[in-house]
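Engineer: Chains as they are written, first to last, in the numbering used here: chain A, 1 to 395; chain B, 1 to 133. Even for Gly, the Cβ is constructed at its ideal location relative to N, Cα and C.
1. Excluding the five sequence neighbours on either side, which residues of its own chain have a C-beta within less than 8 Å of the C-beta of residue 44(B), listed in chain order?
2. Between the stretch 75 to 82 of chain B and the stretch 354 to 373 of chain A, are three or more C-beta pairs nearer than 8 Å?
3. Would you give the residue range spanned by the beta strand (DSSP E) that residue 215(A) belongs to?
4. If you draw a straight line from the alpha carbon of residue 292(A) to that of residue 38(B), how long is it in whole angstroms?
5. Rounding to the nearest angstrom, what Cα-Cα distance links residue 82(B) and residue 10(B) in this structure?
6. Alpha carbon to alpha carbon, what distance is there between residue 264(A) and residue 183(A)?
7. Identify the continuous alpha helix (DSSP H) that holds residue 168(A) and give its terminal residues.
8. Could you check if residue 47(B) is buried or exposed, using at least 16 other CB atoms within 10 Å of its CB as the buried criterion?
9. Which residue comes first and which comes last in the alpha helix (DSSP H) that contains residue 11(A)?
10. Any C-beta of chain A sitting closer than 9 Å to the C-beta of residue 108(B)?
11. Does the CB of residue 123(B) have a neighbour CB from chain A at under 9 Å?
12. So which of 8(B), 13(B), 67(B), 14(B) has the shortest CA-CA distance to residue 159(A)?
13. Tell me, which residues are paired with residue 30(A) by DSSP?
14. Can you check whether the C-beta of residue 28(A) is within less than 9 Å of a C-beta belonging to chain E?
15. Establish whether the CB of residue 126(B) and some CB of chain A are separated by less than 9 Å.
16. Taking C-beta pairs closer than 7 Å, name the residues in chain B that residue 61(A) reaches, listed in chain order.
17. What three-state label does DSSP hand residue 113(A) in the structure shown?
18. Less than 9 Å between the beta carbons of residue 16(B) and residue 57(B), yes or no?
19. With 9 Å as the limit, tell me which residues of the stretch 86 to 97 of chain B have their beta carbon closer than that to any beta carbon of chain A; keep them in chain order.
20. Taking residue 200(A) as the reference, which of 116(A), 216(A), 228(A) has the closest Cα?
21. At the 9 Å Cβ level, is residue 53(A) part of the contact set with chain B, yes or no?
22. Leaving out five residues before and five after residue 93(A) in sequence, what residues of the same chain have Cβ atoms less than 7 Å from its Cβ?
23. With H, G and I counted as helix, E and B as strand and the rest as coil, what does DSSP make of residue 392(A)?
24. How about residue 166(A) and residue 21(A): do their beta carbons lie closer than 9 Å?
25. Please report how far the alpha carbon of residue 218(A) lies from the alpha carbon of residue 233(A), in whole angstroms.
26. Taking only beta-carbon atoms, is residue 40(B) less than 9 Å away from chain A?
27. Taking residue 42(B) as the reference, which of 87(B), 130(B), 88(B), 25(B) has the closest Cα?
28. Report the CB separation of residue 36(A) from residue 173(A) in whole angstroms; it is logged as a contact under 8 Å.
29. Are the CB atoms of residue 141(B) and residue 32(A) nearer to each other than 9 Å?
30. Check residue 397(A) in the structure and name its three-state DSSP category.
31. So residue 62(A) and residue 105(A) are in contact, right, with Cβ under 8 Å, and what is the actual spacing, rounded?
32. Determine, for residue 160(A), whether the minimum Cβ-Cβ distance to residues of chain B falls below 9 Å.
33. Can you pull the chain A neighbours of residue 57(B), defined as C-beta to C-beta under 8 Å?
34. Residue 328(A) by DSSP, collapsed to three states: which one?
35. Whole angstroms is fine: what's the gap from residue 247(A)'s alpha carbon to residue 129(B)'s?
36. Which chain A residues sit within Cβ distance under 7 Å of residue 141(B)?
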């Protein structure tokens with residue numbers, strides 16, 4: 001890999017041990033993927049936050065790293081969800097031991113100047129790269145959104161790789177950073193109208209077909225930003241999709257060359273319905289409805305608040321979002337409407353990375369195919385997948 | 001003594017007993033970081049201990065959290081002395097660098113045919129070579 005004079009010095013330790021080690025990680029990744037050089041990045045999203053996933057190993061690494069005053073991010077960098085709501089952990093039932101360790105992890109990232117926003121939707125809270133810019137993002141749903149909807153360029157980074165990139169302000173130029181690797185590998189003709197959780201089910205279905213390829217959708221619907229947020233998350237969880245195009249919708253569809261691929265599928269209503277049914281592992285009613293995967297936008301919070309208005313819920317309900325949306329929801333009165341129905345606006349965390357299996361719930365209701373995919377394997381709980389309205393049980 | 005040229009992933013030098021596996025390994029869930037023992041019941045190294053060995057594997061697999069596990073093993077002194085991969089992948093490569101464990105890949109010749117578990121070998125990234133004794 002070709003390095004500039006300054007990059008050589010960074011590798012040789014002239015800027016301190018943390019930069020040296022971080023560069024060693026970036027250069028090794030570049031060698032593995034045969035990158036020719038490093039590129040400067042303008043944004044990072046760092047995963048590897050929940051104590052449930054990274055454990056003591058991650059905690060120790062991050063605390064060690066944060067002690068070094070050189071270990072500071074060079075570019076706007078935001079953090080993925082943690083394992084608990086950092087403020088309301090006690091009333092939600094999380095243990096003090098878990099929370100204590102979780103807070104140490106978040107503090108270590110904060111010390112390194114990673115903004116401790118703890119959300120999987122950096123693009124909703126101001127970490128919004130421009131089209132064509134190189135970034136290093138490591139949350140799979142955000143990667144899909146950043147590449148596809150924003151037209152920025154990132155690979156599916158791992159947590160330590162994204163952190164190294166944030167500290168150096170650089171990432172190796174391979175994969176999705178190169179224009180020639182951003183072309184469609186499969187055309188997906190969507191032959192039905194889509195509504196609500198259908199987008200998430202479609203993403204799940206296509207992710208299984210396309211694997212780590214690049215689907216090019218043709219659909220008559222005009223999806224909303226929130227629909228794309230859910231569809232991308234599902235594509236990235238059942239498959240390893242980092243980039244998709246939608247004809248006439250996403251910014252790079254005109255360069256996607258769908259005519260160059262012979263791989264074509266058509267998705268019909270029955271298939272969407274079949275996926276929706278298959279994603280549920282139980283026919284029982286959910287005892288906890290968990291929404292906001294990826295983290296809810298203000299518009300989604302409003303929809304849910306209005307649906308709940310005047311109702312009293314029998315099931316518990318968590319609506320997961322970022323601290324930013326929570327603040328806005330409070331001002332708009334949505335939080336109050338949700339709480340009056342018996343629900344909770346939960347921030348910093350989600351059903352996938354928090355230890356909900358320790359809180360006595362058995363069946364989790366979700367409207368996200370990504371959540372439906374991970375809750376059984378990561379939490380060992382039953383899951384029901386449906387549109388939000390159908391998950392509610394009134395008193 | 002035989003020497004094989006290789007590519008450096010993580011710098012360093014180490015000499016020790018080889019532990020060879022023909023299967024990729026997942027550090028998260030596949031290895032007990034407190035003891036260094038392989039605990040994946042479906043893995044051919046199940047029950048073997050990788051602590052202080054020169055681990056020879058085709059590559060890594062599984063969760064990206066595996067990088068942190070390698071680091072934790074190094075801190076608890078249960079990590080391998082060096083890692084030789086036929087083809088490095090990001091999880092183990094990142095973990096080896098974080099933990100300062102020497103690691104190489106792209107080895108000249110077929111090391112799997114030349115080295116078996118228990119043999120003494122050395123990894124030396126300054127010379128970009130593996131020595132088989």
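Structural biologist: Once the coordinates are examined:
1. 21, 22, 23
2. Counting Cβ pairs under 8 Å, fewer than three are found: no touch.
3. 215 to 218
4. The straight-line gap from Cα to Cα measures roughly 38 Å.
5. 9 Å
6. 14 Å
7. 159 to 168
8. exposed
9. Per DSSP, residue 11(A) belongs to the alpha helix (DSSP H) from 5 to 12.
10. Answer no: the Cβ-Cβ gap between residue 108(B) and chain A never drops below 9 Å.
11. no
12. 67(B)
13. Paired residue(s): none; residue 30(A) is not in a bridge.
14. Checking the listed chains, one finds no chain E in this structure; the protein chains it contains are A and B.
15. So no, residue 126(B) is outside the interface.
16. 68, 71, 98
17. coil
18. no
19. 87, 88, 89, 90, 91, 93, 94, 95, 96, 97
20. 228(A)
21. yes
22. Cβ-Cβ distances below 7 Å link residue 93(A) to 359 in the same chain, with the five nearest sequence neighbours on each side left out; the list follows chain order.
23. coil
24. Pairing residue 166(A) with residue 21(A) gives a Cβ-Cβ distance that is not under 9 Å.
25. 19 Å
26. Chain A contact via Cβ: absent.
27. 25(B)
28. 7 Å
29. A question about residue 141(B) goes unanswered here, because the residues of chain B that appear run from 1 up to 133.
30. Residue 397(A) lies beyond the stretch modelled for chain A, which goes from 1 to 395, so this question has no answer here.
31. 6 Å
32. yes
33. Those do not exist, as residue 57(B) stays about 15 Å from chain A at its closest Cβ, beyond 8 Å.
34. helix
35. 51 Å
36. Residue 141(B) is absent from the model: chain B starts at 1 and stops at 133.
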